[in-house]
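J.:
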Amino acid sequence: MAHPLIRAALRVVSYPFFILLHLIFVLSSLVLRTYETFTLASSLYTNATSDTEDGTPPKHLAVILVPSNKYRKGERESLSESILRSVGWASRAGIGELSFWDGQGLIQSVLPSLLKQLQLNHNHQIHDDTRNLPPSPPSTPPNEPTQDSEDESNGVGTPPSPSPRREGKTSRDLVQKLESVGTEVRTVYIRSGLDRGEVDRNGYKGLKLHFLPPSSSEEVLVNLTRQYVERKKDVSEISVKSIDRDIRDQLHFTSDPDLLLIHHLSPSSTIQALLPRRPPELWGYPFWSLRITEIYQYPSPLPLLHHLNPLLHSLRSSSLPFLRKLGHAVSLPVKLDVNGVLDREEWDGAMRAWSKVEQRLGK
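Heads up: the sequence shown begins at 771 in the numbering used here, then just goes up one per residue.
Shown next as structure tokens:
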């Protein structure tokens, strides 16, 4: 009888102790995050341009767009806009491959309208790139309709693309091939504004997009196992390299993701933002391809601190040198998009993290 009483007494005594320990942890986390907001971020943002533009960008960037547990109004619009922003930033950064995942099929529900918007943005970009080209001579004959073709190993194809005039580049079709290889992975290839076979001075050819459905995670291994059984493939012929190759073929990946960016489509509430930062999760993203992938999740900023920005701006524009120096010594607190759209600060943070990564594949 004594042992149960002792255990009950220990529980009563230890419960307040653990509550106190948790409060100390939360308060210390708030102090550290406040310090980082006004100090560490200052050096990062002043070097944001050089850090993101210098160096080699990741070959393959994976983006996880995490929806809320319950449907939120405007979430599909936030997801579509996040994808469109990612495509634009990736094209300018020279990234060759993007894969998108949400785990609930939200991407597939907006895919038709998303592809139309990608086509429209692509045409506008090509038009802007060719506006300053010199006009064609009067004797220049119109180009004949052409048909481009990509390597089948890349899992992409090209429809006929007529070019009636030299400015036909502005109407070049968005190259796409929507395939169904068991997992219903949709792959879209966006060419650069150059002619077939040409690359820009940085060697950039175009951007390959993968829209991964929920069935492309665990079911990939199930489908691959079923294929091995149907082909009666000998066990001795199966190796890690062959599985890697077959899974990449099913997902249409040219290479495994180098960097994975996690973004939540629903902004955190004020109370959640004050609590310690939640650890990053994969949210069901196809795990086999994540071997030495750098995983990045932007630290949620503290609420209300962005209201100090007008004061900091006034200090920076003050006529007193001391106040100007003080204003520039303190970083401006970040306020992310209130609608849950992927913010440029999150993208730049991922690129800065990538620029400092050293990946060494172990033997």
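Even for Gly, the Cβ is constructed at its ideal location relative to N, Cα and C.
Since the model is a prediction, treat every value here as computed from it, not as a measurement.
Taking 6 Å as the cut-off, does the CB of Leu-1045 come closer than this to any heavy atom belonging to the ligand FMN?
T.: By its list of ligands, the structure shown contains no ligand whatsoever, and the ligand FMN lies outside what it can speak to.
J.: Which runs of the alpha helix (DSSP H) spanning at least 4 residues fall entirely within the stretch 1009 to 1095, listed in chain order?
T.: 1010 to 1021, 1040 to 1044, 1079 to 1086
J.: Going by Cα to Cα distance, which pick from Asp-1004, Leu-1045, Ser-986, Val-880 is closest to Thr-804?
T.: Leu-1045
J.: Is the distance from the Cβ of Lys-978 to the Cβ of Glu-1115 below 7 Å?
T.: no
J.: By DSSP, does Thr-809 sit in helix, in strand, or in coil?
T.: In this structure, Thr-809 counts as helix in the three-state DSSP scheme.
J.: Counting only runs that start and end within the stretch 844 to 898, where is the beta strand (DSSP E) found for 3 or more residues in a row?
T.: 867 to 871
J.: Just confirm the distance between the C-beta atoms of Asn-1109 and Gly-858, as a whole number of angstroms; I'd bet it's less than 8 Å.
T.: Not a contact, Cβ separation roughly 17 Å.
J.: What residue range is occupied by the uninterrupted alpha helix (DSSP H) comprising Val-1005?
T.: Here Val-1005 belongs to no alpha helix (DSSP H), and DSSP marks it neither H nor E.
J.: Once the 5 residues before and after Gly-976 are set aside, which same chain residues still bring their CB inside 7 Å of it?
T.: Tyr-959, Ile-960, Arg-961, Ser-962
J.: Whose CA, out of Arg-1047, Ala-860, Thr-809, lies closest to the CA of Ala-762?
T.: Nothing about residue 762 can be read from this structure; the chain reaches only from 771 to 1133.
J.: Comparing alpha-carbon positions, which option in Val-833, Lys-1105, Tyr-785 lies nearest Gly-873?
T.: Val-833
J.: Quick check: Ser-1125 and Gly-825, are their CB atoms within less than 7 Å of each other?
T.: Yes. Within cutoff.
J.: Please state if the CB of Trp-871 and the CB of Leu-982 are separated by a distance shorter than 7 Å.
T.: yes
J.: Spatial neighbours of Asp-1107 within its chain, please: C-beta separation below 7 Å, excluding the five flanking residues on both sides.
T.: Asp-1113
J.: When you compare only the Cα positions, how much space is there between Thr-910 and Gln-887?
T.: Summary for Thr-910: the model assigns pLDDT 39, below 50, so the residue's position carries little reliability; its value from the coordinates is reported in the next sentence. If I take the Cα positions, the gap works out to 33 Å.
J.: Measuring straight from C-alpha to C-alpha, what distance separates Val-836 and His-792?
T.: 27 Å
J.: CA-CA distance, His-1076 and Ile-1032?
T.: 23 Å
J.: Distance, Cα to Cα, Tyr-801 vs Arg-956?
T.: In the sequence on display, residue 801 carries Val and not Tyr. Rounded to whole angstroms, Val-801 to Arg-956 spans 45 Å at the Cα level.
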